[in-house]
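Asker:
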Amino acid sequence: MIVDVLRSSIPDIAKMLRGKKISCRELTNVFLKRIKDSTKLNAFITVMEKESVSRSEAIDKEGIKNSDDILKGVPVSLKDIFLVEGVRNTCASKILENYVAPYDATVTKRLKDRGAVVLGKTNMDEFAMGSSNENSFFGPVLNPWDNKKVAGGSSGGSAVAVSAGLSQISFGTDTGGSVRLPASYNGILALRPTYGRVSRYGMVAFSSSLDQAGPMARNVDDLAIAYDAVSGVDHKDSTTSKKGPSNVYEHLIKNMAGKEKTFSRCIGIPRHLIEKGVDPEVASSMDEVIAALKKLGFKFKDIELPHAKYALDVYYIISPAEASSNLSRFDGVRYGYRSKGYKDLDGLYKSSRREGFGDEVKRRIMLGTFVLSAGYYDAYFAKAARVRTLIKQDFEKAYEGCDVILLPTAPTTAFKIGEKTDDPLTMYLNDIFTIPANLASLPSLAFPSGQNKAGMPIGMQLTGRHFDEETLFSVAWMLQKERPEWFNRVSVK
């Protein structure tokens with residue numbers, strides 16, 4: 021039964037629950053046991069065992085009707101950046117080690133309202149700053165396919181929770197690729213929605229103009245259901261769009277009935293971005309994806325994104341600048357860690373932040389403060405903002421001749437733990453293919469595309485027009501039908 025559950029999709033689980041083949045409590049116990057048996061992966065910071073068991077028992081007592089939400093009774097997990105009322109929220113930082121959230125984030129509330137069972141809070145890079153999930157106060161997350169390799173960041177705990185069958189779906193955040201990169205390293209799917217499509221209320225801020233919450237899953241159906249559950253306008257977050265909840269899963273159901281959405285089926289490839297630095301096995305996997313899509317009737321067009329080569333530079337000016345502002349609230353006065361070794365107010369600020377923040381967070385705060393300082397703002401931040409506009413315009417021009425853009429999610433597969441921690445610039449290069457979508461506020465869907473000779477997952481990504489997640493899901497769903505062996509894999513050990 022355990023393996024059957026772990027190989028099942030949310031629609032499969034919904035049928036099991038409604039057909040009384042398994043109770044919500046039994047289902048919850050399957051995942052809680054998996055979490056306990058997989059503690060070495062370090063995927064969770066806080067396991068909400070008491071709360072999830074109580075919730076599952078209440079659902080069993082209430083019963084699940086056919087008319088109930090498809091997510092009712094489904095176990096989910098949340099990156100430890102989404103507030104859950106009454107549960108500690110650390111952002112994987114010492115400075116918030118004992119902070120207990122006073123309210124639910126909108127993502128949390130919408131999942132609860134649909135009957136999902138929250139299993140716990142997953143590990144992450146501190147304040148979502150990192151590409152490997154090695155920057156956590158609670159230790160690194162291990163890749164379930166090879167425990168000597170990184171899980172990817174910053175949503176590494178969420179990716180591992182899904183890949184290792186510790187949670188049916190999970191939610192992370194994507195500022196520069198933080199759901200897509202770990203998805204690639206762990207053989208699962210992840211969606212970075214259009215900026216403003218999912219509320220950021222109750223989601224601790226890193227870089228406010230780039231942050232976006234996104235779901236992670238093992239198959240396209242689950243990813244669509246998860247996205248539909250949390251998308252839509254939220255009056256508590258003024259940056260959300262006025263669009264209502266999405267209905268991409270309903271659209272996929274229509275696809276199954278043969279009523280596929282009509283689009284030109286043209287995919288753009290910016291070959292100039294992948295000429296150097298891409299692992300040969302990743303490049304070969306991309307060729308396989310192209311072959312599969314050609315078999316499905318897709319055509320391909322070479323496109324140019326001339327300013328994308330500056331994306332990494334722009335990102336590491338804008339995001340640290342916004343981070344330095346957002347993280348200024350952690351001063352040891354109002355909440356969070358407070359140093360004991362200070363003599364005056366200035367000393368309190370300095371000691372609390374020096375002792376509470378990790379090295380990567382300090383590095384980015386200092387970088388951000390520098391680019392915003394007098395005499396440097398125009399030379400760095402203002403110029404980066406102008407180049408960001410050029411990157412957006414490049415995408416707009418590219419979409420005049422294609423529906424979506426295909427790229428590898430990362431230049432390589434997961435690397436060894438500790439391999440890049442002493443070289444921040446090399447570490448930052450892991451995000452080279454994911455960052456452009458964030459700067460342009462575009463939706464991007466990462467999906468698995470097989471594995472290398474060592475058995476490590478490889479991933480690709482599709483990036484679409486603003487608010488056109490539906491097309492991304494359509495392409496991914498067709499790929500899932502064509503190459504099912506790439507999808508729904510779980511590292512059951």
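Residue numbers for the sequence shown, in the working numbering: 21 to 513. The beta carbon of each residue, even a glycine, is placed where N, CA and C say it ideally should be.
#1: Using a Cβ-Cβ cutoff of less than 6 angstroms, which residues in the same chain neighbour Thr-483 once the five nearest sequence positions on both sides are dropped?
#2: Leaving out five residues on either side along the sequence, give the residues of the same chain with a beta carbon under 8 angstroms from the beta carbon of Thr-66.
#3: Check for me: the beta strand (DSSP E) holding Gln-471 runs from which residue to which?
#4: To the nearest angstrom, report how far apart Phe-350 and Ser-227 are at their CA atoms.
#5: Looking at C-beta atoms only, is the number of pairs between the stretch 263 to 271 and the stretch 237 to 255 that lie closer than 8 angstroms three or more?
#6: Please identify the residue among Asp-254, Asp-442, Arg-200 and Ala-399 whose C-alpha is closest to the C-alpha of Ala-430.
#7: I'd like the list of long-range same chain contacts for Pro-326, defined as Cβ closer than 7 angstroms, with 5 residues on each side in sequence excluded.
#8: Please state the DSSP three-state secondary structure of Met-526.
#9: Measure the alpha-carbon distance for Tyr-419 versus Arg-358 and round it to whole angstroms.
#10: Does the pairing of the stretch 443 to 459 with the stretch 182 to 202 give three or more beta-carbon distances under 8 angstroms?
#11: Where do the N-terminal and C-terminal ends of the alpha helix (DSSP H) with Asp-57 fall, by residue?
#12: Taking a contact to mean a Cβ-Cβ separation below 7 angstroms, would you say Ala-341 touches Gly-388 in this structure?
#13: Would you kindly check if the distance between the Cβ of Gly-176 and the Cβ of Arg-212 is under 7 angstroms?
#14: Cα-Cα, which of Thr-126, Ala-405, Ser-344 and Pro-477 is closest to Ala-171?
#15: If you check the beta carbons only, do Ser-1 and Ala-184 fall under 7 angstroms apart?
#16: Throw me the rounded Cβ distance for the Pro-202 and Gly-173 pair, which I believe falls under 8 angstroms.
#17: Rounded to whole angstroms, what's the CA-CA distance from Gln-481 to Val-495? Just pull it up for me.
#18: What residue range does the alpha helix (DSSP H) around Asn-167 cover?
#19: For a test of the three-state rule: what should DSSP assign to Ala-210, helix, strand or coil?
#20: Have a look at the DSSP bridge pairing and note the partners of Arg-108.
#21: Beta carbon of Ala-63, beta carbon of Val-180: below 7 angstroms?
#22: If you run the structure through DSSP and keep just helix, strand and coil, what is Val-250?
#23: Of the choices Val-96, Arg-285, Val-302 and Ala-312, whose alpha-carbon is the least far from that of Ala-237?
#24: Relative to the alpha-carbon of Asn-49, which residue among Val-73, Ile-33 and Arg-27 has its alpha-carbon at the smallest distance?
#25: Which residues does DSSP pair with Cys-286 in a beta bridge?
#26: Nearest CA to the CA of Val-510: which residue from Gly-438, Trp-497 and Asn-239?
#27: How far does the alpha helix (DSSP H) with Val-73 in it extend, from its first residue to its last?
#28: Taking Cβ positions, are Asn-118 and Glu-301 nearer each other than 7 angstroms?
#29: Using 8 angstroms as the threshold, is the stretch 308 to 323 in touch with the stretch 352 to 370, meaning 3 or more CB pairs across them?
#30: How long is the line joining the alpha carbons of Gly-150 and Ala-434, rounded to whole angstroms?
Answerer: According to the data block:
#1: Ile-425, Ala-457, Leu-462 and Ser-464
#2: The beta carbon of Thr-66 is closer than 8 angstroms to those of Asp-100, Val-107, Arg-108, Thr-110, Gly-140 and Lys-141 in its chain, skipping five residues each way along the sequence.
#3: 464 to 471
#4: 15 angstroms
#5: yes
#6: Arg-200
#7: Within the same chain, Pro-326 has close Cβ partners Asp-414.
#8: Any answer about residue 526 is impossible in this case: the structure gives the chain only from 21 up to 513.
#9: 50 angstroms
#10: yes
#11: 44 to 57
#12: Annotated as proximal: Ala-341 and Gly-388, with beta-carbon spacing under 7 angstroms.
#13: No, the pair does not count as a contact, with Cβ atoms beyond the cut-off.
#14: Here the closest residue by C-alpha is Pro-477.
#15: With the chain running from 21 to 513 in the structure shown, residue 1 is simply not present.
#16: Confirmed, Cβ separation roughly 6 angstroms.
#17: 11 angstroms
#18: No alpha helix (DSSP H) contains Asn-167, which is instead part of the beta strand (DSSP E) from 166 to 170.
#19: strand
#20: Beta-bridge pairing links Arg-108 to Val-120.
#21: yes
#22: helix
#23: Val-96
#24: Val-73
#25: Partner(s): Lys-319.
#26: Asn-239
#27: 69 to 82
#28: no
#29: no
#30: Going by C-alpha positions, Gly-150 is about 14 angstroms away from Ala-434.
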